[in-house]
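Last residue of the sequence shown: 181 in full-length UniProt numbering, with the numbers rising by one and none dropped.
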Amino acid sequence: MADDVRIRIEADAAPFLATLDNLRTVSQGFGRDLTGALKSAAVSGKSLDDILRRLGSNLAGRALSAGLAPLSQLTGSLLSNIFGGLTGGVTPFAKGGVVSTPSYFPMASGTGLMGEAGAEAILPLARGSDGRLGVASGGGGGAPVNITFNVTASDAASFRKSEAQITGMLAQAVSRGARGR
Numbered sequence: 001m002a003d004d005v006r007i008r009i010e011a012d013a014a015p016f017l018a019t020l021d022n023l024r025t026v027s028q029g030f031g032r033d034l035t036g037a038l039k040s041a042a043v044s045g046k047s048l049d050d051i052l053r054r055l056g057s058n059l060a061g062r063a064l065s066a067g068l069a070p071l072s073q074l075t076g077s078l079l080s081n082i083f084g085g086l087t088g089g090v091t092p093f094a095k096g097g098v099v100s101t102p103s104y105f106p107m108a109s110g111t112g113l114m115g116e117a118g119a120e121a122i123l124p125l126a127r128g129s130d131g132r133l134g135v136a137s138g139g140g141g142g143a144p145v146n147i148t149f150n151v152t153a154s155d156a157a158s159f160r161k162s163e164a165q166i167t168g169m170l171a172q173a174v175s176r177g178a179r180g181r
């Protein structure tokens with residue numbers, strides 16, 4: 001007993017269908033040219049040599065047009081790629097972004113490739129107050145922290161005495177917050 005093996009093939013048939021459509025158009029044109037040549041021979045009484053020469057000329061013109069079509073498409077595609085950036089084909093990444101497909105980019109030492117192994121992030125850099133270059137963040141990092149001290153003083157002199165203690169407690173709280181405690 002033989003085992004049946006079924007394989008499902010999914011393919012983009014668009015190029016094949018376009019080729020068939022092109023072939024249909026060319027064959028219809030050939031049929032029209034041949035019919036026109038035979039009618040002309042029957043009506044005008046021209047020689048078969050003249051008719052075949054005209055038919056050959058028409059067919060050569062069709063073949064030349066078909067042969068030049070890819071060159072015409074290539075030229076159009078090339079011009080589209082060259083001038084595509086003028087119509088909005090450039091994606092800005094000044095605020096960051098993600099590249100999810102392999103993309104080439106210019107570098108001082110040649111050409112770079114990003115996104116070749118999956119999605120990659122583009123992060124804007126900024127120079128900090130200390131002069132070091134790092135990833136710029138848009139702030140955030142959590143909710144603002146409010147530190148409240150309730151001071152009860154009977155007069156201005158007692159308030160000034162507790163001022164040093166309050167300053168020390170505030171510095172200690174800020175230090176703990178900076179360390180993430």
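No residue lacks a Cβ here, since even glycine has one placed at the ideal position from N, Cα and C.
Treat the numbers as computed from the prediction; the structure is a model and nothing was measured.
Which residues in the same chain as ALA126 place their Cβ atom closer than 6 Å to its Cβ, once the five residues preceding and following it in sequence are excluded?
ALA136
Quick check on the burial criterion: 16 or more other C-beta atoms within 10 angstroms. Buried or exposed for ALA37?
buried
For GLY134, report the span of its alpha helix (DSSP H) as first-last.
Looking at the DSSP string, GLY134 is not in any alpha helix (DSSP H); the run it does join, the beta strand (DSSP E), is 133-135.
Could you check whether PRO124 and LYS161 sit closer than 8 Å to each other, using their CB atoms as the reference points?
Taking 8 Å as the cut-off, the beta carbon of LYS161 is found no closer than this to the beta carbon of PRO124.
Taking THR25 as the reference, which of SER44, SER40, ARG62, ALA41 has the closest Cα?
ARG62
Coil, strand or helix - GLY168 by DSSP:
helix
Alpha carbon to alpha carbon, how far is GLY31 from LEU17?
21 Å
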